[in-house]
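Protein chains in written order, with the UniProt record's numbering: chain P, 1 to 333; chain S, 1 to 333.
Backbone N, C-alpha and C fix where the C-beta goes; we use that ideal spot for every residue, glycine too.
Since the structure is predicted, the reported quantities are computational estimates derived from the model, not experimental observations.
There are 2 protein chains.
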Amino acid sequence: MTIRDVAAQAGVSVATVSKVLNDRYGVAAATVDRVRGVIEELGYESSLVARSLRNHRTGVIGVLVWDIEPYSAEVLKGAARAVRETPYELVVYAAGGKGDGRMGWEGRYLSRLSGTLVDGAVLVTPTVQTAPGTVPVVAVDPHTGGGSVPTVASDNLHGARLATDHLLGLGHRRIGFLGRPPRDLESGPQRERGYRDALDAAGVPFDPQLVLAGGYGDTDLQNAARTLLTLPDRPTAIFAANDVSAIATVEVARTLGIDVPGALSVVGFDNVPESALCRPPLTTVEQPLQLMGQRAVEMLVALLAEETPEEPHVQLPTRLVVRDSTAPPNPRP
Amino acid sequence: MTIRDVAAQAGVSVATVSKVLNDRYGVAAATVDRVRGVIEELGYESSLVARSLRNHRTGVIGVLVWDIEPYSAEVLKGAARAVRETPYELVVYAAGGKGDGRMGWEGRYLSRLSGTLVDGAVLVTPTVQTAPGTVPVVAVDPHTGGGSVPTVASDNLHGARLATDHLLGLGHRRIGFLGRPPRDLESGPQRERGYRDALDAAGVPFDPQLVLAGGYGDTDLQNAARTLLTLPDRPTAIFAANDVSAIATVEVARTLGIDVPGALSVVGFDNVPESALCRPPLTTVEQPLQLMGQRAVEMLVALLAEETPEEPHVQLPTRLVVRDSTAPPNPRP
DNA sequence: ATGAAAGCGCTAACAG
DNA sequence: CTGTTAGCGCTTTCAT
Chain P
1 MTIRDVAAQA GVSVATVSKV LNDRYGVAAA TVDRVRGVIE ELGYESSLVA
51 RSLRNHRTGV IGVLVWDIEP YSAEVLKGAA RAVRETPYEL VVYAAGGKGD
101 GRMGWEGRYL SRLSGTLVDG AVLVTPTVQT APGTVPVVAV DPHTGGGSVP
151 TVASDNLHGA RLATDHLLGL GHRRIGFLGR PPRDLESGPQ RERGYRDALD
201 AAGVPFDPQL VLAGGYGDTD LQNAARTLLT LPDRPTAIFA ANDVSAIATV
251 EVARTLGIDV PGALSVVGFD NVPESALCRP PLTTVEQPLQ LMGQRAVEML
301 VALLAEETPE EPHVQLPTRL VVRDSTAPPN PRP
Chain S
1 MTIRDVAAQA GVSVATVSKV LNDRYGVAAA TVDRVRGVIE ELGYESSLVA
51 RSLRNHRTGV IGVLVWDIEP YSAEVLKGAA RAVRETPYEL VVYAAGGKGD
101 GRMGWEGRYL SRLSGTLVDG AVLVTPTVQT APGTVPVVAV DPHTGGGSVP
151 TVASDNLHGA RLATDHLLGL GHRRIGFLGR PPRDLESGPQ RERGYRDALD
201 AAGVPFDPQL VLAGGYGDTD LQNAARTLLT LPDRPTAIFA ANDVSAIATV
251 EVARTLGIDV PGALSVVGFD NVPESALCRP PLTTVEQPLQ LMGQRAVEML
301 VALLAEETPE EPHVQLPTRL VVRDSTAPPN PRP
């Protein structure tokens, strides 16, 4: 079913059909009607692909994600919400773990799509390595500080500060920090910075023993948590720089017979809604994931309209959601 | 950055570059190396669009959703998980509310994409109206019984039975049913059927007064719930055929001063993870949303491989998740 | 008002 | 082994 079928059926040339399709001038009213009729009758739809190959503009915003999991799904919801307010449509491109592990896959995918399938893109991929010169791009929460590409991130520094202040406010003095893996360049240090700032402000001495790097696998995480919790003078609270580590911490605590929240307070970061379902309910620093997706699309749309390029690096506020994992009785003095 | 730039830079014809790109026979090793080098150097990626326009096969599975919201997001997670196991990539196409409200938009979008952008599609859209003859398609939970297209749905009948049995087991005899809007052709009646079957099996007489249709807007929903709850001999329990209605019911009960679960048990259907966060925690019939997405992709892949077409209509089991909204003390006799 | 023709980036026959 | 050619479905001059 192509434009030629329509043309043949209507007894006109493809050029004429194309004009009708795009509401161009220079077609007799009667012809327009006839062609419209045939289109309706045949249920014809023009091919997005062929059209964009010609046009180099598609009315589509692309979102590139490494995979669709709880985190990116939240961002996608926000992006979809923002797109609703615009004339654009949304295409999510999920590499589905097929990115070879090689960094820079997003750049390659981007160039596969850009100019042809999407007018601009939102990148929800930890490592943004884009060769510029393609379409407008906005990165969401890049771990390796977006460089020259506009980004939307959450306020990691302040979030970590909130979390640590909360624990300090509960009376804790020995607070462990379970960090991100070293490869995560951007948000990890910011969160540790917030942690240390809070300590400093409260006049609590910094103990390097209480800071651990975490890791990627489950075992790495659990080992790190175990190390922290089996310290001679073990921490009475732990701030985990992402919620996977926080949950691992809670589990390790259980196996060690340490009661949460009775004998240990735990706060997580990097909240996806699912972590609210954790038992005991986890106190977390909540990132506005949906909002990040939404703002990213809004920025992209502004870019596409060539409006004032807006602030290139947006930081969205985080907030502390207190749940049972830091409930009294606590702390141990 | 096109194939011609590469060809020019490498001093060969585009045809040769194309051959290198696709690992075709008949290119001298030295030439292959040189072309590969140029490709690397220029960071060239072939255009997915141009390629698929030629090839009519893309290695991409499309998922069409009306919008990305909690429900479809769950399905997407499952689809993404399934795609990981395959050589395909995933493209989600979100109409973003732009579907005119006219039914059949999915068919139109499908034909815009099919044969060119996607090799097959999963439709996550209430009303599946596909003119066949395009690409292979699997529908997820279509409200209007998929007809000839293969579908993945959840076992609405059994789920409703479970919910009602649960309430009966609690001792309830006057159980209201807050149905889906009439337009929802498939799942609505199935859920009502399960409700009535359970009643019959328990020897509880069916009271038409206790069955209401619900509606689309918030007010419709609340009015329906209010009607049910202000009946002279009002129900002691309500089975709501989707979780939005269930939450509305809980809210209306509160405004009427009816304690949930003290004086009223509520069970919902159509669970998205978010409903676990409802206060009080909602007892729901949980649909395996992620699994549905996963199975849909698996079926589609089988279809694309032209394997045995498998069972065309898969029903996945639902399960009852009991939470506080049906906790004792209950029922009122 | 209409259509013939060129070409978007790419691939596949076919010649050379 | 390499290049020329035709054409995927569509839009757009430019003639007619």
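Whose C-beta lies closer than 7 Å to the C-beta of S:Val27 among residues of the same chain, with five residues either side of it excluded? Position 27 of the second sequence, counted from the first residue, corresponds to residue 27 of chain S. So the qualifying residues of the chain are Thr16, Lys19 and Val20.
Chain-ordered chain P contacts of S:Ala10 [CB-CB under 7 Å]: Walking along the second sequence from the start, residue 10 of chain S turns up at place 10. Residues of chain P passing the Cβ test: none, with the nearest at roughly 18 Å.
Span separating the alpha-carbon of S:Ala94 from that of S:Ala248: The residue you call residue 94 of chain S lines up with position 94 of the second sequence. The residue you call residue 248 of chain S lines up with position 248 of the second sequence. Between S:Ala94 and S:Ala248, the C-alpha separation is close to 28 Å.
Mind checking if P:Tyr88 is an interface residue toward chain S, Cβ cutoff 9 Å exclusive? Against the first sequence, residue 88 of chain P aligns to sequence position 88. Judged by the 9 Å Cβ criterion, P:Tyr88 is in contact with chain S.
Which residues in the same chain as S:Ala82 place their Cβ atom closer than 6 Å to its Cβ, once the five residues preceding and following it in sequence are excluded? Counting from 1 along the second sequence, the entry for residue 82 of chain S is found at position 82. Contacts found: Gln294, Val297 and Glu298.
Using CA coordinates, which residue listed in S:Glu40, S:Asn22 and S:Leu178 is at the minimum distance from S:Ser245? Position 245 of the second sequence, counting from 1, holds the residue named residue 245 of chain S. Measuring from the Cα of S:Ser245, the nearest candidate turns out to be S:Leu178.
Where P:Ser154 sits in the DSSP three-state scheme: Residue 154 of chain P sits at position 154 when you count from the first residue of the first sequence. In this structure, P:Ser154 counts as strand in the three-state DSSP scheme.
Cβ-based burial, S:Phe206 [other Cβ within 10 Å; buried from 16]: Taking the second sequence and counting its residues from 1, one reaches residue 206 of chain S at position 206. So S:Phe206 ends up on the exposed side.
Chain S partners of P:Asp67, CB-CB under 8 Å? Numbered from 1 along the first sequence, position 67 holds the residue referred to as residue 67 of chain P. Chain S residues near P:Asp67: Ala80 and Arg84.
Quick one: grab the DSSP three-state call for P:Val49. Counted from its first residue, the first sequence places residue 49 of chain P at position 49. Helix at P:Val49.
Boundaries of the beta strand (DSSP E) in which S:Gln190 is found, first to last residue: Residue numbering aside, residue 190 of chain S sits at position 190 when the second sequence is read from its first letter. Where S:Gln190 is concerned, there is no enclosing beta strand (DSSP E), although the alpha helix (DSSP H) it sits in stretches over Ser187 to Ala202.
State buried or exposed for S:Tyr44, treating a residue as buried only when at least 16 other CB atoms are found within 10 Å of its CB. Against the second sequence, residue 44 of chain S aligns to sequence position 44. Buried.
With three or more C-beta pairs closer than 8 Å as the rule, is the segment 134-143 of chain S touching the segment 220-239 of chain S? no
C-beta neighbour in chain S for P:Leu291, strict 9 Å: For the purposes of this step, residue 291 of chain P is taken as residue 291 along the first sequence, with counting starting at 1. So no, P:Leu291 is outside the interface.
Can you name, in chain order, every residue of its own chain whose Cβ lies under 8 Å from the Cβ of P:Ala7, other than the five neighbours on each side? What you label residue 7 of chain P is simply residue 7 of the first sequence in a count that begins at 1. Result list for P:Ala7: Ser13, Val14, Thr16 and Val17, in chain order.
Helix, strand or coil: how does DSSP classify P:Gln287 here? Translated into the one-based positions of the first sequence, residue 287 of chain P becomes position 287. P:Gln287 falls in the coil class under three-state DSSP.
Would S:Ser52 pass as a contact of S:Thr134 if the rule is Cβ separation under 9 Å? Taking the first residue of the second sequence as position 1, residue 52 of chain S is located at position 52. Taking the first residue of the second sequence as position 1, residue 134 of chain S is located at position 134. It is not a contact, given that the beta carbons lie outside the stated cut-off.
Determine the burial state of S:Gly214: buried for a count of at least 16 other Cβ atoms within 10 Å of its Cβ, exposed for fewer. On the second sequence, position 214 is the one that residue 214 of chain S refers to. Buried, because 16 or more other Cβ atoms sit within 10 Å of the Cβ of S:Gly214.
Pop quiz: S:Thr283 and S:Val267 are said to be a contact at Cβ under 8 Å. What is the actual Cβ separation, rounded to whole angstroms? Counting from 1 along the second sequence, the entry for residue 283 of chain S is found at position 283. Counting from 1 along the second sequence, the entry for residue 267 of chain S is found at position 267. Contact holds; Cβ gap of about 5 Å.
Three-state secondary structure assigned by DSSP to P:Ile258: Position 258 of the first sequence holds residue 258 of chain P. It is coil, neither helix nor strand.
Should S:Glu45 be flagged as near chain P, meaning a C-beta pair shorter than 9 Å? Within the second sequence, residue 45 of chain S is the residue found at index 45, counting from 1. It does; some Cβ of chain P falls within 9 Å.
List, from N- to C-terminal side, the alpha helix (DSSP H) runs of 4 residues or more that fit wholly inside the segment 34-88 of chain P. 48-55 and 70-84
Locate the alpha helix (DSSP H) running through S:Val118, then write down its first and last residues. Counted from its first residue, the second sequence places residue 118 of chain S at position 118. Where S:Val118 is concerned, there is no enclosing alpha helix (DSSP H), given that its DSSP letter is neither H nor E.
Are the segment 191-199 of chain S and the segment 228-237 of chain S touching, with three or more C-beta to C-beta distances below 8 Å? no
Quick one: give me the first and last residue of the alpha helix (DSSP H) that S:Ala327 is part of. The count along the second sequence starts at 1 and reaches residue 327 of chain S at position 327. Segment: none, S:Ala327 is in no alpha helix (DSSP H) and carries neither H nor E.
Under 8 Å between beta-carbons, which chain P residues line up against S:Thr116? List them in chain order, please. Sequence index remark: in the second sequence, residue 116 of chain S carries index 116 (1-based). Within chain P, the residues near S:Thr116 are Ser47, Leu48, Val49 and Ala50.
How many Å lie between P:Ala327 and P:His158 at the Cα? Numbered from its first residue, the first sequence carries residue 327 of chain P at position 327. Numbered from its first residue, the first sequence carries residue 158 of chain P at position 158. Those two C-alpha atoms are separated by around 22 Å.
Proximity below 9 Å, CB of P:Ile61 to CB of P:Tyr88: Position 61 of the first sequence, counting from 1, holds the residue named residue 61 of chain P. Position 88 of the first sequence, counting from 1, holds the residue named residue 88 of chain P. Yes; because the gap between Cβ atoms is below 9 Å, this pair is in contact.
Nearest-angstrom beta carbon gap, P:Ser154 and P:Thr318 [assumed within contact, 8 Å]: One-based indexing of the first sequence puts residue 318 of chain P at position 318. One-based indexing of the first sequence puts residue 154 of chain P at position 154. 5 Å between Cβ atoms; contact.
Counted within 10 angstroms of its Cβ, other Cβ atoms place P:Pro261 as buried (16 or more) or exposed: As a working note, residue 261 of chain P is residue 261 in the first sequence. Answer is buried; the Cβ neighbour count reaches 16.
Checking 9 Å against the spacing of the C-beta atoms, do P:Val152 and P:Leu303 come in under that value? Working through the first sequence from its first residue, we reach residue 152 of chain P at position 152. Working through the first sequence from its first residue, we reach residue 303 of chain P at position 303. It is not a contact, given that the beta carbons lie outside the stated cut-off.
In whole angstroms, give me the CA-to-CA distance for P:Gly118 and P:Val124. Taking the first sequence and counting its residues from 1, one reaches residue 118 of chain P at position 118. Taking the first sequence and counting its residues from 1, one reaches residue 124 of chain P at position 124. Here residue 118 of chain P is Val; the residue named in the question, Gly, does not match the sequence. Going from the Cα of P:Val118 to the Cα of P:Val124 covers about 15 Å.
Residues that S:Pro273 contacts on chain P, provided the C-beta gap is smaller than 8 Å: Numbered from 1 along the second sequence, position 273 holds the residue referred to as residue 273 of chain S. Going along chain P in sequence order, the residues near S:Pro273 (Cβ under 8 Å) are Pro273, Glu274 and Leu277.
Please work out which residues of its chain come closer than 6 Å, Cβ to Cβ, to P:Ala237, disregarding the five sequence neighbours upstream and downstream, and give them in chain order. Looking up residue 237 of chain P in the first sequence gives position 237. Excluding positions up to five away in sequence, the list reads Leu167, His172, Ile175 and Ser265.
Report the CB separation of P:Ala121 from P:Val63 in whole angstroms; it is logged as a contact under 8 Å. Along the first sequence, one-based indexing puts residue 121 of chain P at 121. Along the first sequence, one-based indexing puts residue 63 of chain P at 63. Confirmed, Cβ separation roughly 7 Å.
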